[in-house]
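Residues in the sequence shown are numbered consecutively from -11, following our numbering. Cβ atoms here follow ideal geometry from the backbone N, Cα and C, with glycine treated the same way.
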Amino acid sequence: MNQLVKLIHESPNIENTIPHTLYQASSPKLNLAEEDKFIIYAGGENFSLLTNTDLSDLNPVSVSLFVLNTSFIIWFNLNNVGIEIAYPAIVFHGLNEDSVYLNIEDNQIIGTYLTIRYNTESQNNSNPLFSTIHSKITNVYEAISYVSEFHTVSSDDDYDEGEVTGLPTLEVSHTSSELESSALNSFNNSGQADDLDDDIIDDDDCTHNVAGMHVEVGFASIAGVKTRRNELEDYDGLTTNLNSNKRNKLH
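This is the structure we're talking about:
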């Protein structure tokens, strides 16, 4: 069985990784299994990390992030080592203003609760891959949401339609009465039935609608999504461009 969270000693680089916009220009359909290079959807080298466990000799003050088609990598710039997290290991991810919150499966490396923040004072390792990629914290969240869908859909192929056995659970308290309007505006529930009139569907809608929830985690209110959702939405729905402020249509 593959290890879902593991230590790595080589970071993605310009030799083995390409930006998703460059990939899209040459190959319109994403194939997670057959690509010989990684595809990066968001990332950067000016971030910091907080965890619920002791990281031993790893320095979390300065980390680089790589949201790849295969996994999510947190690279410790001052230690020249990284932690690779497979998307199925991400139980929940949420966005809380200036931070991304992750709840991942039990492991012996990085803990189960992670908080990632942008850190302008972070010392970086000047990875040339980031010369054209300058993702904000919202870009990172949106990219994790998007790529997770591919892995969720692939996993769902093993289940009968409508079967929900084995869905991950988030053990935090939440009440619907505490839902804030700002969270609802950012994460609107949406669905599309097969028999709906196509004329009522706005193909130019630039809002990436995902199932939203407001949860209380003890230190902040976080709006986020579980990794398993009912349908895969087009990447046109992303409100941010991972390389620039212009739209880059994936499909």
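Backbone CA spacing between residue i and residue j [nearest angstrom]
i	j	result
Val49	Ile71	15 Å
Val88	Phe54	14 Å
Ser109	Leu102	What sits at residue 109 in the sequence shown is Glu, not Ser. For Glu109 and Leu102, the distance between alpha carbons rounds to 20 Å.
Tyr134	Thr58	12 Å
Thr140	Ser119	31 Å
Tyr129	Ser114	22 Å
Ile62	Ser52	6 Å
Leu(-5)	Asn107	23 Å
Val69	Pro0	11 Å
Tyr11	Asn47	33 Å
Asp86	Glu93	23 Å
Ile132	Ser14	23 Å
Residues near residue i by beta carbon distance below 8 Å, same chain, minus five either side
i	result
Ile6	Lys25, Phe26, Ile27, Ile28
Asn(-10)	Ala74
Asp42	none
Given residue i as reference, the closest of the options once Cα atoms are compared
i	options	result
Glu33	Ile(-4), Ser87, Ser123	Ser123
Arg105	Thr39, Thr9, Thr120, Leu43	Thr39
Glu3	Thr41, Ile132, Pro116	Pro116
His8	Ile121, Ser36, Ser114	Ile121
Asp45	Val51, Ser14, Gln12, Asn67	Asn67
Ile125	Leu83, Leu(-5), Trp63	Leu83
Ser36	Leu56, Phe64, Gln12, Phe60	Phe64
Own chain partners of residue i with C-beta closer than 6 Å, once the 5 adjacent residues on each side are dropped
i	result
Val(-7)	Ile73, Ala77, Asn95, Ile97
Leu56	Phe26, Ile28
Own chain residues within Cβ distance below 7 Å of residue i, not counting five before or after
i	result
Gln91	Here the sequence assigns Asn to residue 91, which means Gln is not the residue at that position. So the list reads Val79, Phe80, Thr100, Tyr101, Leu158, once near-sequence residues are dropped.
Ser232	Here the model assigns Ser232 a pLDDT of 39, short of 50, so the residue's position is not dependable and the matter cannot be decided.
His(-3)	Val69
Where residue i falls: helix, strand or coil (DSSP)
i	result
Ile28	strand
Gly154	Below a pLDDT of 50, predicted positions are generally treated as unreliable, and Gly154, at 44, falls in that range; the measurement from the model is reported next regardless. Residue state, collapsed to three classes: coil.
Ile125	helix
His8	helix
His(-3)	coil
Glu93	coil
Ile2	coil
Ser44	coil
Thr58	coil
Thr103	strand
Glu72	strand
Ser50	coil
Ser114	coil
Leu(-8)	coil
is_contact[residue i, chain B] using C-beta, thresh 7 Å
i	result
His8	Within the model displayed, chain B is absent; a lone protein chain is all it includes.
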